[in-house]
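This report refers to the structure that appears directly beneath it.
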Amino acid sequence: MENNNLREQILFTANADPKKCMKCGKCSGACPNYDEMEYHPHQFVSMVQNGDIEPLLKSESLYLCLTCMVCVERCPRNVQPARFIEAVRLAKIRQQGENRLTPQQIPAKIEEDTPQQLLVSAFRKYTK
Amino acid sequence: MQVKNENWKPLIVAFCCNWCSYAGADLAGTNRLNYPADVKIIRVPCSCRVNPMFILRAFQRGADGVIVCGCHPGDCHYTSGNYYARRRMTLLFSMLDYLGIEKGRTRVEWVSAAEGQKFAETMNSFVETITSLGENKRLEDLRCKTE
Amino acid sequence: MQRIGVFVCWCGSNIAGTVDVKKVAETLGHEPGVVFSTDYQYMCSQSGQDLVKDSIRTYNLTGVVICSCSPRMHENTFRKAAASVGLNPYMVEIANIREQVSWIHKDMETATEKAIILGRAAIAKVHLNAPLIAGETPVTKRALVIGGGIAGIQTALDIAEAGFEVDIVEKSPTIGGKMAQIDKTFPTLDCAACILTPKMVEASQQENINIYAFSEVDEVKGFVGNFTVKIRRKARYVKEELCTGCGLCTEKCPQKKVPDEFNLGLSNRRAIYIPFAQAVPKVATIDPNYCTMLKTGKCGVCSKVCGVKAIDYTQKDEIVERKYGAIVVATGFEPIKVDKFEEFAYAQSPDVVTSLEYERLMNAAGPTGGTLLRPSDKTHPHTIVFVQCVGSRCDEKSEKGKPYCSKVCCMYTAKHAMLTREKYPDTEVYVFYIDVRTPGKNFDEFYRRAVEHYGVHYVKGMVGKVTPENGKLKVQASDLLDNRQLHIDADMVVLAAAIEPDKSARPLATMLTASMDTNDFFTEAHPKLRPVESPTAGVFLSGMCQGPKDIPETVSQASACAAKVIGLLVKDKLVGNPCVAHSDEMMCNGCSQCQNVCPYGAITYTEKEFRMPDRTTAVRRVAQVNPAVCQGCGACTVTCPSGAMDLFGFSNNQIMAEVDAICK
Amino acid sequence: MQDRMIARAKELLADGTVDRVMGWKKGEFLYDATPAVFYSAEELDAGFVMNAFTAANVSKYLIKETKKEGKILAFLKPCDSFSFRQLMNEHRVDRDKVYIVGIPSWGKADMEKIRQKGITGITSIEEREGDFVVNTILRETHVIKKYDVYLEKCKNCKSKEIVVYDELLDGENGAAVTNSRFDEVAKLEAMTPDERFAFWQNELSRCIRCNACRNVCPACTCEKCVFDNPKSGLENKAAATSFEENMFHIIRAFHVAGRCTDCGECSRVCPQHIPLHLLNRKFIKDMNELYGDFQAGEAEQQRHPVTSYRTDDAEPGVIYTRGGTGK
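Residue numbers (my numbering), protein chains in the order written: chain A, 349 to 476; chain B, 974 to 1120; chain C, 3 to 666; chain D, 27 to 353.
Okay, here's the thing in C-alpha cells:
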C-alpha cells in the first residue's frame, strides 16, 4: 500500500476507527446529497480503510459533502463517516500547500506596498 | 558489606488461586513451558485467602520474593475476591516499600486458566528480578541494628 | 501425631523421566510423622489406588500424601480411594510434581530437589489436616419458576412431570408470554397459539403446577435447597376462585377506551378484561387505572352482571410466603423502544410499526381480524419496507441501541415478508439487511424461499430516513451492491426492533444475588459447560433472560433447565463443600468486617452469652457462618483481625506450615 | 473545666441518669493521670482530674464497661469520640449504655518534652492562651509555649469536632482542623529505600515488645490477639522464632488499617519512643490517595477502604511507579 503514510495521516486527523464499520450502509442511506456524489459516505470509510485514497483526493465528492453530519448521527457503530470525508478534504488542502508557495520563494515576490497582513495570512494558508 | 553467598539461589513463593492461576500453572506444565525451579507454588482457594501474614512469614523464613497470582479482575470465581486482594496487596506492598524493603520483591499478577504462557513468562521475569535484587536480608534484619 | 503415608507416582516416564522418584520416596520417608513411603508406576491406576488403600489399612495411616500430577486432575480419585477404606477424604494432600516439576524442569537434580520440597510442604499440611465432614442441608422439594412464558411453562411442565411441585409466578394476568402474541412460528409456519395454548392448558391442569398469575416476587431469602420467597398477589378485584371467565363483564363494562396491551395498543379493551380468549387462568381482571368504580365509586356494572358474584372492589394485594428448593428465572424479553431512532419516524406515523405489532396485525385474533390493514387509514398496504437490525449491533457506547445481535429478527422478518407475499401477492415487499443470519435447521432454506419463491426484495443496505408525506412513507435507503440510493414510497414500514431483557430482571437479580452482564442478561455459571445455571447456587436460567434465542432454543433450554432443577430436587440432602469458613466464637469480636466482604451473605451474627475470666457472664455479638451458603473463598479470614475466622482445608496454620516447609 | 465536669457528673449521678463515671484519676504525680471509673460524688471529689496531662483515650475502656449493668457517664475529647464512633461501627460498644458529655481539648502536654526543658517537680499546670504555666516544688513558675511541648498527636490534631455525644460541656462543637499530619510520612517517602530502611531499623530495633501500643489502641480490641492465638499460625509466646518480633508492627498496622482513627495513643505510650503513628498514617495516606479520602470513626460507616473495592482500583504495581516513594 503505497499510500500508507497518507492513510495514517488521514486516520490520525479523522480520529475515528474505520474497522468499527459493519458495512450496513445506513450513512449512505441517510445522506441527503447522495446522488450528486461520486463516492458516498460508506465508500469514504472503506476506501480510507483500504488505503485507496488517491481517487478520493481527485473526486469532486470531497466538496459535495455538506457536512450535515447525518451520517455521524445515524451510524449505529459510531464510525463517524463525516470525519473521514473531512480528513481527506484536509489532506487535499495540505497537499496544495506543498506546490504553491514556500518561504524561500517569498522575498523575491515581495513588492514595496505589500501589506504585512497579507504575508501573514499567506503563511497561514499555504504552509503546514 | 555482606559476604556474597556464592551458592545462593533465589527462593520464591507463589500463591496461586485454585481456579485461574493454579490452572494456569498446570497449563504451563502441560505445555512444557519452562520456568525456574526456584518458584514453589502454594495453592489457595482465592487470592483473597492470601493473608499478609503469609507473605511476611515467607520473607522472614528466607524467601527472596513472593508473588500472588489470581484471576483477572472481574473473573474471580468468587466474584469479588481478587478485588479485595488487590487492595490488601497494594497497601501491604506500599508498607514494605515504606519500610525500605526493596521494590520488586513482591508482585501481584492476574493469570487466567488459559494463560500458561503468561504464567511461565511471569515466573521467568520475576525470578530474574529477584536474582538481580539478590538475597533478601532486610526483612530479617528489620529489627537488628548492625552497628 | 499423624501417621502419614507418602506415595510417589512415576506417571510412567512423565514424572520418573525427570524426577528421581526413588530418592523422593526415600527422603520423604524420613520426614517426621511419615511411617510409610513408596513409589509406583501409575498411582491413579486401579492397582495404584489399591496400593494406597492397602497401605492405609496396614499402617493405620491417618494422613496420605500423593506426589503426582495436579490435584485438579486426581485429587478426587485419591480422596475417594481413601474414603473407601475409612480414611477421611480430606486427610489426603497432593504434591504436584508433574505439572509443577517434571514437565517444566529438565535437570534431574533440580527437579528431584523441588519434588522433595513440595512433598515436604504437603506433609507439613497433612500434619495439620483435620477430618472434615461435608455439611448437609435438606432440600425443599418444590421449585419456583419466575415468568410464565413458553420458557417458564416448559420448565414447569418438565419439573412437574418428574413429580415435583412447581409454582409459576407471572406478573401479567395470564401465562403465555410473548409467544401468545406471535402469529406464526418460523421456519415451519405453524400457528403459535395452536402449539402454545395446549401447553398453557396442560400447565393449568397438571396437578403439581400452581400458577400465581398477576403476581410478582417481592423478596427472596435463603439459599440453595432452602429459599423462602414472598410472592405479591396483586389485586385483580375479581375473586379468582369464583370467576368462570364467561366474559359477560368484559362486554358490559362501559369504559371502552383502554389501550389493549395484548395488541400493543393497536386496539382498545374494557376496564375489566381477559387479555385473550385462551388466557390461563381465564379470569377477568379490573384495571384500577381506568375502572370508574374504583376511581370514583360510581358504576359497579360488572358486579351487577356477574352471575357468580366474583367481583370484589375491596380486594387488596396479598403476600404469600412459600419455600422452594430451586428458583428458575424465566423473565424473558421485550422489544426495545424504537422511538429514539427518529430517522424511522415511529413516533410520527402509525404506519411505522415494530415487528411484534406487525405480528398482531397479521393475527386472526388481532385488532384487524387477520386482514393486513394500515393502522392509519385501515387500507390495504401495497408497498411494505422491512428494516432489520433496528437497535441491534450498535456501538457499545450507544444510548439508543444494543451491542449484540438479537438473533431472531432475520428469521421473523423473512417470515413476515413471506407471509405477506403469500397472502397479498400484489404487495411489494422490501427487506433492508446488513447481513442475513440464518444458522439453524431449515433456516437458510426458509430465507431463500422468501427470496426465490415469494419474490421478496432483499436489499443489502440500510434505511437512512423515513418521511411521512401525503399518506405515504418516503423511504430513503442505500443499496450497497448497486451503489445507489433508493427512494421508495411505502405504505408501511416495519422495524425489526432489538430485544432486551425484561425490565423486571435487574431488581430480581438483586434479590437473588444472581449476576448479570452489562446488558442485563443473566450470566451463566459457565458459558459453555453450565449454560442453564446461574453462578448463584440453586438459581437456574431459562429462555431469553440469559440471552437472545428463538422458540426451539428456548424450549430446549427450558427443558435442560428443568433437568438441572430435577437433579437438585431429587436429592434429599445437599452435601456441601466442607472447606468453608468457620468462626471461633471465643475469639470473635463481632465487628462485622467479615460480613462486609462476604460475597454470598453467608455470615450472620448472634448474641451469645460467655463466661468471662472473672466468672461473670457477658453477652457478646459473634459471627456465624452458614456452611451451606459459604463457598470457601476465604475473604473473611483475612479481614478478621483476631484470626477468629478461619477456613477448613486452607487454615491459617496449614498455609503457614506450607510456607515454612518451602522456606526451610 | 475540671470543676464543671465534676459538678455535671455529680448531677447526672444524682438524677440517676448514670450510675458511674468514666474519667481520669490522679496518679502519684500530676502528670500520670490514668483513666478510671468513679462510683460516687466522694470519689469524684477525691480523685477526678482534668488537666493538660489527661491525654489518655478512654473509649477503649467503654467496651468492657458497656458489657456491665447500668449506664456510665463518659467524658469524651474529640479524638476519643472518633475512636468511640469507630467502636460503634464495629458493634463493640453499646451506645445506649453510655451517656456522653463531649469536652473540648486544646492539646495535651508531653511530660518528656517538659522535662527536656529542664523542668521537674511539677505541682500544677494551667492552660493559658498559647502557653502552659507550670509551677514546681522549687516554687518556680515557668511559662512554656504550648506548641513546644504538645504531644505528637496534639501537634497534628485532625479535628476538634466531637462526633458522638449526648451533650456538650461547652454547648459548642469544634470542627475539623487543617493539619500537616502526613508531612512526616511524605518526608520518609521521599527518602531512598536505604535511608528508609536505616530509619526504621533504628526505630524498630528499640522495641521491647511490651505490647503497650497494642493494649492502649482503641482499634486493637480483639477478644484475643492473633499473636496470642495458637490457631493463627503465628502465635509465639516462647519466641521460638523472630517472626513476631520482626513483623509485629507491620501486622498490627495492617490489622487496624481502615479502622485506625489516628488518635496517636500508640506513639504516646511507647516507652521506647518509637513513632508508631507513622506506620498507621502511611496506610491512611495511601488509602486517601488511592481510594479516596476516608476518616475512620467520622460517621456511621459500614465499610472502610480495606473491606470495599472498586472494579477500577489501581493495580498493586502502582506503588512502584507512583511518585513520592523515592528511588
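By construction, the Cβ of each residue, glycine as well, lies at the ideal position given by its N, Cα and C atoms.
In chain B, which residues lie with their C-beta within 9 Å of the C-beta of residue i?
i: residue 1 (chain C); result: Outside the shown range of chain C (3 to 666) lies residue 1 (chain C), about which nothing can therefore be said.
Per DSSP, what are the beta-bridge partners of residue i in this structure?
i: residue 626 (chain C); result: C:606
i: residue 221 (chain C); result: C:232
i: residue 217 (chain D); result: Paired residues: none, contrary to the question.
i: residue 649 (chain C); result: C:583
i: residue 193 (chain C); result: C:186
i: residue 462 (chain C); result: C:435
i: residue 1083 (chain B); result: B:1043
Assuming residue i and residue j are in contact, meaning their beta carbons sit under 8 Å apart, how far apart are those beta carbons, in whole angstroms?
i: residue 316 (chain D); j: residue 279 (chain D); result: Contact doesn't hold; Cβ gap of about 16 Å is too wide.
i: residue 154 (chain C); j: residue 544 (chain C); result: 7 Å
i: residue 2 (chain C); j: residue 477 (chain C); result: Lying outside 3 to 666, the shown extent of chain C, residue 2 (chain C) is not represented and no answer is given.
i: residue 624 (chain C); j: residue 607 (chain C); result: 7 Å
Going along chain C in order, which residues have a C-beta closer than 9 Å to the C-beta of residue i?
i: residue 86 (chain D); result: Those do not exist, as residue 86 (chain D) stays about 13 Å from chain C at its closest Cβ, beyond 9 Å.
i: residue 426 (chain A); result: 396, 397, 398, 399 and 400
Leaving out five residues before and five after residue i in sequence, what residues of the same chain have Cβ atoms less than 8 Å from its Cβ?
i: residue 458 (chain A); result: 467
i: residue 249 (chain C); result: 276 and 286
i: residue 517 (chain C); result: 511, 524, 525, 536, 537 and 538
i: residue 147 (chain D); result: 162, 163 and 164
i: residue 1101 (chain B); result: none
i: residue 668 (chain C); result: No information on residue 668 (chain C) is available, as it lies outside the stretch 3 to 666 that chain C covers here.
For the alpha helix (DSSP H) that contains residue i, what are its first and last residues?
i: residue 415 (chain C); result: 411 to 425
i: residue 528 (chain C); result: Taken as a continuous stretch (DSSP letters only), residue 528 (chain C) belongs to no alpha helix (DSSP H), as it is neither H nor E.
i: residue 355 (chain A); result: 352 to 362
i: residue 389 (chain A); result: 389 to 397
i: residue 129 (chain C); result: 110 to 130
i: residue 1069 (chain B); result: 1054 to 1071
i: residue 109 (chain D); result: 104 to 115
Just to confirm my understanding: we take residue i, look at its own chain, exclude 5 residues before and 5 after, and list those with CB closer than 7 Å. What are they?
i: residue 350 (chain A); result: Confidence at residue 350 (chain A) is low in this model, with a pLDDT of 49, below 50, so its placement is unreliable and no value can be given for it.
i: residue 370 (chain C); result: 363
i: residue 38 (chain D); result: 44, 99 and 125
Near residue i, what residues of its chain come up, given a Cβ to Cβ distance below 6 Å and the 5 sequence neighbours on each side ignored?
i: residue 188 (chain D); result: 104, 107, 128 and 199
i: residue 45 (chain D); result: 96
i: residue 350 (chain D); result: A caution first: residue 350 (chain D) carries a pLDDT of 44, below 50, which makes its placement in the model unreliable, though a value can still be read off. Result list for residue 350 (chain D): 215, in chain order.
i: residue 264 (chain D); result: Residue confidence for residue 264 (chain D) is low, a pLDDT of 47 falling below 50, so the modelled location carries little weight; the figure read from the coordinates is stated next. So no residue of the chain qualifies.
i: residue 974 (chain B); result: Caution applies to residue 974 (chain B), whose pLDDT of 41 falls short of 50 and renders its modelled position unreliable; the value that the coordinates give is listed next. Once the five neighbours on either side are set aside, residue 974 (chain B) has no close Cβ partner at all.
i: residue 1004 (chain B); result: 1089
What does residue i touch in chain D if you count any residue whose Cβ is under 7 Å from its own?
i: residue 1099 (chain B); result: Within 7 Å Cβ-Cβ: nothing; residue 1099 (chain B) doesn't reach chain D, min ~12 Å.
i: residue 592 (chain C); result: 117
i: residue 521 (chain C); result: Within chain D, no residue comes near residue 521 (chain C); the closest Cβ sits about 17 Å away, beyond 7 Å.
i: residue 595 (chain C); result: 333
i: residue 34 (chain C); result: Within chain D, no residue comes near residue 34 (chain C); the closest Cβ sits about 16 Å away, beyond 7 Å.
Would you say the beta carbon of residue i is closer than 8 Å to some non-hydrogen atom of the ligand GDP?
i: residue 485 (chain C); result: In the structure on display, the ligand GDP does not appear, and there are no ligands present to speak of.
Which bits of chain C does residue i rub up against, with CB to CB less than 7 Å?
i: residue 367 (chain A); result: Under the 7 Å cutoff, chain C gives no residues; its nearest Cβ is about 12 Å from residue 367 (chain A).
i: residue 1027 (chain B); result: 657, 658 and 661
For residue i, which residues in chain D fall below 8 Å Cβ to Cβ?
i: residue 588 (chain C); result: 249 and 250
Name the chain B residues whose beta carbon is nearer than 7 Å to that of residue i?
i: residue 652 (chain C); result: 1017, 1018 and 1022
i: residue 604 (chain C); result: Going along chain B, no residue has its Cβ under 7 Å from residue 604 (chain C), so there is no contact; the nearest lies around 11 Å.
List the residues of chain D whose Cβ lies closer than 9 Å to the Cβ of residue i, in chain order.
i: residue 623 (chain C); result: 117 and 118
Which residues of chain C have a Cβ atom closer than 8 Å to the Cβ of residue i, listed in chain order?
i: residue 329 (chain D); result: 598
Between which two residues does the beta strand (DSSP E) holding residue i run?
i: residue 157 (chain D); result: 157 to 162
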